[in-house]
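Chains as they are written, first to last, in the working numbering: chain X, 1 to 621; chain S, 622 to 800. Just so it is clear, CB atoms sit at the ideal spot from N, CA and C, and this is done for glycine as well. Remember, it's a predicted structure, so these values are computed and weren't measured experimentally.
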Amino acid sequence: MAKAVGIDLGTTNSVIAVWEAGEEKVIPNAEGARTTPSVVAFTEDGERLVGQLARRQSILNPKGTISSAKRFIGRSFDEIKEEANAVGFDVVEGPNGEARFNIRGKQYAPEEISAQVLRKLVDDASKFLGEKVTEAVITVPAYFNDAQRTATKDAGRIAGLEVLRIINEPTAAALAYGMDKKNHETILVFDLGGGTFDVSLLDVGDGVVEVRSTAGDTHLGGDDFDRRLVDYFADEFKNENGIDLRNDPQALQRLFEAAEKAKVELSSVSQTQVSLPFITADASGPRHLTMTVKRSKFEDLTADLVERCLGPVRQAMADAKVSENDIDEVILVGGSTRIPAVQALVKRLTGGKEPNMTVNPDEVVAVGAAIQAGVLKGDVEDVLLLDVTPLSLGVETRGGVMTKIIERNTTIPARRSEVFSTAEDNQPSVEIVVLQGERENAADNRVLGRFQLTGIRPAPRGEAQVEVTFDIDANGILHVTAKDKDTGTEQGITISDTSNLDQGEIDRMIKEAEQHRADDQALRQAVDARNELDSAAYQVERVLRELGDAAPEHERARAELLITQAREAVQNNVGEQEAKERTGELLQVAQSLAAARANASHAEQPAQDDEDDVVDAEFDR
Amino acid sequence: MVEEQNEDTRAVDLLNDDLTDVSPEEIRAAQAAVAAQLETAEDRWRRAAADYDNLRKRMAREIQTVREQERRHTAKAFLPVVDGLDRALSFGVDLDEGVLGGMQAIRAQAADALRALGYPEIVIDGAEFDPQLHEAVSVVEDASVPPRSILAVTRPGFGTPERMLRPAAVVVTRRPDEE
Ligand SMILES: Nc1ncnc2c1ncn2[C@@H]1O[C@H](COP(=O)(O)OP(=O)(O)OP(=O)(O)O)[C@@H](O)[C@H]1O
Ligand SMILES: [Mg+2]
């Protein structure tokens, strides 16, 4: 079946995503990038280039390279005169007063240019997915009028696509967060991209999303922030060296790249290093630009840009007759919303609400469009709702700890087995205590049930093999069985209330586990260390027994002392450190005893370092 | 709600009910219902199995993509070092010959390492501008050579059209009458 995709047809960049196997996913283009420049070029030889390739040759072919066609689509020439003057290519008036591009004497409609971008996105996606893409949902800004929407739809048709629907960018963002399912809420979508800024207020409820107001600034974005840094670098450099790097096109280009890099870094760290070695040279030799930029400096330089976001937000709120208290959710869209000062401003304007930004802000619109495409194709509903285990399931093992068998968040139905052993010589039975929870200490978890597996044949500790299987069905019903692999004896229990905890209880248990993580880990390590110490004592004891009189007297005395001390230490629940030290001493003795044994009788079996490694833990009851 | 209950009580359980006082029509209807359920169940099961198989294949492909992305990302982080070396070399004409030679050797090592990662250095040598390999950063009018000739490289490029790390930044010619 052909796939339906969602496309964010942007002013600067476009993104394509698909709903596949119950998940939305951004598709990289043929060059491996997740965004594609919305740029189309017609070369002198009649070749057409789209995306990165078109951008690379733009200064060589300024009249034949069209960028930001989105600013012109569906507009009349009169409406865009000012925009037309700001671009390097020729915008002319078409026969019906519409905006057209004049490229090498031929006129093109903006929708034909956008169609080229769509074509590339879809062709690359088809290649990536291994199946033809024929249907798409395309997004447009909420403020687009009918003519602009129709022209965008036409662009899709020209590209050979069936446009399932044109949806608003902020609506797509809300869909990406599943907010259409909410009950009557007011959502503010704040979209600051590379070159444009849009604010929208949405009303959602009962699966309907309604745009209540929009506002924005068509010439405000991340590029302006870059420019501020470029000027700062250039001014500082000029002060020190007397050379204005802005007059050197190559140096300027490097400055722009360094500025964007620094800006992006300052979104996550509080200072960054800019280093442009050999940026220029004068009579006295090469010059380097090295500078440290603090986030606070960057914020000073761009404070007025951030403030410029304020007006449109207030405007949108006033138009929708909404106060900050009425806003239930805030969604951040556009790469520039990663700037901390921008986030702080948004918080300030919306009464301190934490904004939603878990979905990559420069992909969230395409993702929402893909979800819409999936819904329209019926793919989304079709997904079988899969349940997961809300908490981990496991058994209690030696030392009173929980050994997990099915981890939390495992999709069910699921079946897992592990092999355990005995903790004592000739232990005739094991007790299986079925636990649910996230804590290391068995007693801190919920006991779901317990049973005994009896009739285990006499054997040294660690030799019996008990296979414990947890099988949880689609309804959350858990069957636990324990099987003695030697005799085939099996015992089991069925527990039906693994999933009837309410969400509050589950959240509480997970939170407690998080709070106690450090303590629990220490406890677990201590128990593991004591178990190891106990095993080491047992092994040394066995070697002593096997050696009998062959054991050198002083070694025997020392070994026996260490064994007694080890047992006491285990009894007294000593800490991890002490247990490890004592284990080390015992292993040393074990080694010298083994050497003694080798000398005495060329015995074939040296003391083993550890028990059978297929065994995961031991049952001490 | 009430309607639903009525439906339920009338439904025939083919496996558990005593079927003696059930009419043949009801049994046929129940059989049809069971057959339909079985069909849905089988369909779902097949879909689940197919989903899993497709997921497995997709993961295999995706691992390739992720590896490629990671490799590109890592290689890219080292490009400033190569660029720095190049600039240092371009200013190093008055350096001691031994030092200069050493630096050139380091530069060659860097290019070798990138080639080994699948990103050979883009050779310019008399080439015509090709957006698959080059990025025009500056244009000069020059009637003495064909248009779109590359006059200089301002920053070396690495990769192939299919696997591009960074195109070579170049100065390109244009016919004086163009534009
Ligand atoms: N971590 C970051 N910190 C600051 N800015 C960032 C970060 N990541 C990306 N950006 C900026 O985000 C901008 C690109 O965002 P996005 O991809 O949303 O824009 P766009 O959709 O192409 O632009 P527009 O919507 O204006 O057409 C660039 O200016 C980029 O520098
Ligand atoms: Mg955008």
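- Taking 8 angstroms as the threshold, the shortest C-beta distance from F699 (chain S) to chain X does not fall below it.
- Contacts between G32 (chain X) and chain S, judged by CB atoms closer than 9 angstroms, involve T686, E689, Q690, R693, R784 and M785 in chain order.
- Taking 8 angstroms as the threshold, the shortest C-beta distance from R415 (chain X) to chain S does not fall below it.
- Residue environment for G105 (chain X): exposed (fewer than 16 other C-beta atoms within 10 angstroms of its C-beta).
- With a 10 Å radius around the Cβ and a threshold of 16 neighbouring Cβ atoms, A344 (chain X) comes out exposed.
- Under the 8 angstroms criterion on CB atoms, T661 (chain S) is classed as non-interfacial with respect to chain X.
- Excluding residues up to 5 positions away in sequence, K3, V18, E20 and I27 lie with their Cβ nearer than 8 angstroms to the Cβ of L129 (chain X) in the same chain.
- Per DSSP, the beta-bridge partners of V774 (chain S) are S:V791.
- When distances are taken from the beta-carbon of I339 (chain X) to the heavy atoms of ligand 1, the shortest one is below 7 angstroms.
- Annotation: Cβ neighbours of R56 (chain X) in chain S (cutoff 8 angstroms, chain order): P752, H755, E756, A757 and P788.
- Sorting X:I158, X:T152 and X:A176 by C-alpha distance to the C-alpha of R165 (chain X) places X:T152 at the top.
- With the rule of 3 Cβ pairs closer than 8 angstroms, the stretch 216 to 231 of chain X counts as touching the stretch 301 to 309 of chain X.
- Bounds of any alpha helix (DSSP H) do not take in S14 (chain X); it lies within the beta strand (DSSP E) bounded by N13 to E20.
- Here DSSP, grouped into helix, strand and coil, assigns L9 (chain X) to coil.
- Rounded to whole angstroms, the gap between the alpha carbons of N445 (chain X) and T36 (chain X) is 51 angstroms.
- Boundaries of the beta strand (DSSP E) harbouring Q271 (chain X): Q271 to D282, taken from the DSSP string.
- Every residue whose Cβ sits closer than 6 angstroms to any heavy atom of ligand 2 is listed here in chain order: X:G10, X:G193 and X:G334.
- Taken through DSSP and simplified to helix, strand or coil, P286 (chain X) comes out as strand.
- For F89 (chain X), there are no C-beta contacts with chain S under 8 angstroms, since the nearest C-beta of that chain is about 11 angstroms from it.
- Chain order gives the chain X residues near G705 (chain S) as P277 and F278, where near means a beta carbon separation below 8 angstroms.
- Listed in chain order, the non-local C-beta contacts of I743 (chain S) below 8 angstroms within the same chain comprise L754, H755, P777, G778, F779, G780, P788 and A789, local neighbours out to five positions each way being set aside.
- Contacts with chain X at 8 angstroms (Cβ-Cβ) include R708 (chain S).
- Chain order gives no chain S residues near P37 (chain X), where near means a beta carbon separation below 7 angstroms; the closest approach is about 12 angstroms.
- K70 (chain X) is classed as buried because its beta carbon has at least 16 other beta carbons within 10 Å across all chains shown.
- Contact between the stretch 74 to 90 of chain X and the stretch 141 to 156 of chain X is present, with at least three C-beta pairs closer than 8 angstroms.
- Inter-segment contact for the stretch 235 to 243 of chain X and the stretch 197 to 213 of chain X is absent: fewer than three beta-carbon pairs are separated by less than 8 angstroms.
- Here R682 (chain S) is exposed. Its C-beta has fewer than 16 other C-beta atoms within 10 Å.
- For V643 (chain S), there are no neighbours in chain X by C-beta distance under 8 angstroms, as the nearest C-beta there is about 29 angstroms away.
- Between ligand 1 and the CB of G221 (chain X), the shortest heavy atom gap is smaller than 7 angstroms.
- When X:R295, X:V264, X:A551 and X:K120 are compared, the shortest CA-CA separation from L593 (chain X) is found for X:A551.
- Separation of P767 (chain S) and I745 (chain S) (C-alpha to C-alpha, rounded to the nearest whole angstrom) is 15 angstroms.
- Straight through space, the alpha carbons of F42 (chain X) and T65 (chain X) are spaced by roughly 6 angstroms.
- Using beta-carbon distances, I59 (chain X) counts as an interface residue toward chain S, with a partner under 8 angstroms.
- Runs of the alpha helix (DSSP H) lying entirely within the stretch 301 to 334 of chain X and spanning at least 4 residues, in chain order: 310 to 319.
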